[in-house]
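One structure is given below, encoded as structure tokens.
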Amino acid sequence: MAETRDTWGTKIGLILAMAGNAVGLGNFWRFPYQAAANGGGSFMIPYFFALFFLGIPLMLVEWTQGRTGGRYGHGTVAPMLYLHAREAMSPAAAAITGAVGGMFAFSVMALLTSYYSQIIGWTLGYSYLSLTGAYMDKAVNTGAFFVSYIQNPWYVFIFWGIALLLMAYTVSGGVQGGIEKWASVMMPILYLFGILLAIRAITLGAPVKPEWSAIKGLDYLWEPRWSDLTWKSALAAAGQIFFTLSVGMGIIQNYASYLKPDDDIVLSGLATVSLNEFAEVILGGSIAIPIAYAYLGQEGVKSGVGLSFIALPNVFRDLPGGQIWGSLWFFLLFIAGFTSAIAMFNYLSAMLEEDAGINRKVGAYIAALTFFIIGLPVALEPILTKTAYLAYLTELDNWVGSYFLVVLGLIEVLVTATIWGKGAWEEMNRGAYVKVPRWYFEIFMRWVTPLYIAVILTFSTIDYAKGGYFSFNPATLAKFVGVAEKDIPKIGPWVLAARIVIITVLIIGFFVSYSSIKRTYGEEIAQGKVLIRR
Amino acid sequence: MVWIGLILFLGGIGYGWVANNQWVKFISAFIVGGIGWYMTVVALGMSSSAATFMSLAWAFIFWFVDATVPTLVNADTKA
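Going down the list, the sequences are from chains R and B. Last residue of the first sequence: 534 (the working numbering), numbering continuous. Last residue of the second sequence: 1079 (the working numbering), numbering continuous.
Structure follows, in structure tokens:
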């Protein structure tokens, strides 16, 4: 199988695809409101701390796992973790470790894509509606417009369907002919649109009130308010690093598995991080906040998750050429989300190809159908209940998008850096232009990074426990995702259903992962010694 | 001041991209580009503490991009 695997055509194509993988909705939609809500400049201190001691080490660990896995013909996390774990433990223990890691990767890929692809559909829909001027009339309440959008089955299913089919089409073309080709076109467009929007945002001046200006928005974002530097903001910053770099998902390893055996992974990993940070801090930090501040003031900036879909449309209708700028903004979000989601599509396609022998072209469309089925409740909840809580989505996101990433990140770094140790450092540096210093690996990657992740996980677990989030009572769960008392009977079952789906996918993920390892390495697990080396 | 700052900023990060030596990249993108951006945003009305922070972060990221991406692009060209 290893001999027939696709590989990346060019290094720049690989980096653009990897940057596309990492640059997602988190960069343009999540980063601004996380930074604004957690003290602006004082959020950026733990943010950069987390980037150095958490994001970069994890990125390099994932590239290393991916390249090793690719050498053995694997594109999924379970056998990759097995290959590293067996260097320091018995094959049987390594198989269990790999299966547990694979279980989380499978769950993140399947469940995150189920709602992430819908948000991508919303961005495409809003890009179209911005161009047609659907919300440009000032009599339209943008909050109500958003609610009517997610309750309208035509809008939801048409744009979600287009997004899913486009993603399947891209992935069906293969790594070089599909993903790399599309990323090479879409990523430069994304950066170009981002730069245009950032220039427009910074030069807005003060169109509404003298005390509301775009520059004041940047002031708000970058002013180091030391009093706001708390554990909460440190945790939020660490969470943002996981989300933005797409680490702890298994998709970086999947793309890295298409590298050639001696391709550089250190410089490539660092280049991916640098391009992601350019998109997040430089572009993501210079569009939504300055625009919202200039038109809506400080309160507008604090509108949290609604900043993109509810607050900014208010601005676009006041902005000269607002239909174009609005359409550009939502299309930027679409490209960012699209290039990340195809990585998740490719993970499932690789799994179907390697474990079930299904042709990639067919596998990509099976992946689309799978994500459609798993994502149906996300689409149906607002349509059927005529509410806008998105409680099913929130429940999935609370676990998959916030918690499982951290758990998988911890397993990955423990297996490769802490447990395997020196061998992993040598493997990481093979073929590298710039080598990771041994002291950095020993101190930070082996000990500081896992400890850092363990602290995050502990505090997150305490928060979840305090909030009653380990309960199975639908009423408690519904309250946790922000449902009003009167709507609990209507929404509670959706939250409980999300919980059941998560557990089911975890169980399936474990068995699929274990059987994937056993299929190739069953003999060495039975004999208790390593037999296959490449 | 805005224009002088912008010229320094764009020149600094631009030269950082094309330079071959990593120290030159650092001085050009991080120091010259960072000072240029600080001058620009202060002239536009940002407070000096916020501008310092922003310029440091931006200068670091531009240097990071300049130090990594062109090296990979060149590796492609040589291959």
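Positions of the beta carbon are idealized from the N, C-alpha and C atoms, including for glycine. All of these numbers come straight from a predicted model, not from anything done at the bench.
State yes or no: is the C-beta of residue i within less than 8 Å of the C-beta of residue j?
i, j, result
"R/Phe459", "R/Gly468", "no"
"R/Ile120", "R/Ala78", "no"
"R/Ser117", "R/Phe334", "no"
"R/Ala279", "R/Leu296", "no"
"R/Arg534", "R/Tyr72", "yes"
"R/Ser268", "R/Asn21", "no"
Using a Cβ-Cβ distance under 8 Å, would residue i count as near chain B?
i, result
"R/Phe31", "no"
"R/Trp212", "no"
"R/Lys11", "yes"
"R/Asp262", "no"
"R/Phe278", "yes"
"R/Ala294", "no"
"R/Val281", "yes"
"R/Leu275", "yes"
"R/Ala36", "no"
"R/Ser327", "no"
Where does residue i fall in DSSP's three states?
i, result
"R/Gly357", "coil"
"R/Gly178", "helix"
"R/Met1", "Low confidence applies to R/Met1: its pLDDT is 43, below 50, so where it sits in the model is not reliable enough to give any reading."
"R/Pro224", "strand"
"R/Gly40", "strand"
"R/Gly401", "helix"
"R/Ala139", "coil"
"R/Lys466", "helix"
"R/Asn346", "helix"
"B/Ala1079", "Reliability of the predicted coordinates at B/Ala1079 is poor, the pLDDT of 48 falling under 50, and no value is obtained from them."
"R/Tyr389", "coil"
"R/Thr7", "coil"
"R/Ile532", "coil"
"R/Phe28", "helix"
"B/Asn1074", "helix"
"R/Ile287", "coil"
"R/Arg438", "helix"
Here's the rule: buried if 16 or more other CB atoms are within 10 angstroms of the residue's CB, otherwise exposed. What is residue i?
i, result
"R/Tyr433", "exposed"
"B/Val1018", "exposed"
"R/Phe28", "buried"
"R/Glu180", "buried"
"R/Phe470", "exposed"
"R/Arg446", "buried"
"B/Asn1020", "exposed"
"R/Thr113", "buried"
"R/Ser516", "buried"
"R/Gln527", "exposed"
"B/Met1001", "exposed"
"R/Arg438", "exposed"
"B/Phe1062", "buried"
"R/Ala2", "Legend: pLDDT at R/Ala2 = 43, less than 50; position of this residue unreliable, value from coordinates given subsequently. Burial call: exposed."
"R/Ile12", "buried"
"R/Glu277", "buried"
"R/Leu531", "exposed"
State yes or no: is the C-beta of residue i nearer than 7 Å to some heavy atom of the ligand FMN?
i, result
"R/Ala271", "Only the bare structure without any ligand can be found here, which leaves the ligand FMN out of the picture."
How far does the alpha helix (DSSP H) with residue i in it extend, from its first residue to its last?
i, result
"R/Thr272", "Val266 to Glu277"
"R/Ala110", "Unbroken run through R/Ala110: none, as it is neither H nor E."
"R/Ala206", "Run containing R/Ala206: none; DSSP gives neither H nor E here."
"R/Arg499", "Ile488 to Gln527"
"R/Tyr255", "Ile251 to Ala256"
"R/Arg71", "Ile56 to Arg71"
"R/Met80", "Val77 to Ala85"
"R/Phe243", "Trp231 to Leu245"
"R/Glu427", "Lys422 to Asn429"
Mind checking if residue i is an interface residue toward chain R, Cβ cutoff 8 Å exclusive?
i, result
"B/Trp1058", "yes"
"B/Ala1043", "no"
"B/Ser1049", "yes"
"B/Leu1072", "yes"
"B/Val1065", "yes"
"B/Ala1019", "no"
So residue i contacts chain A; which residues on that side make the cut at Cβ distance below 8 Å?
i, result
"B/Phe1053", "Going by chain labels, chain A is absent from the structure shown, which instead holds the protein chains R and B."
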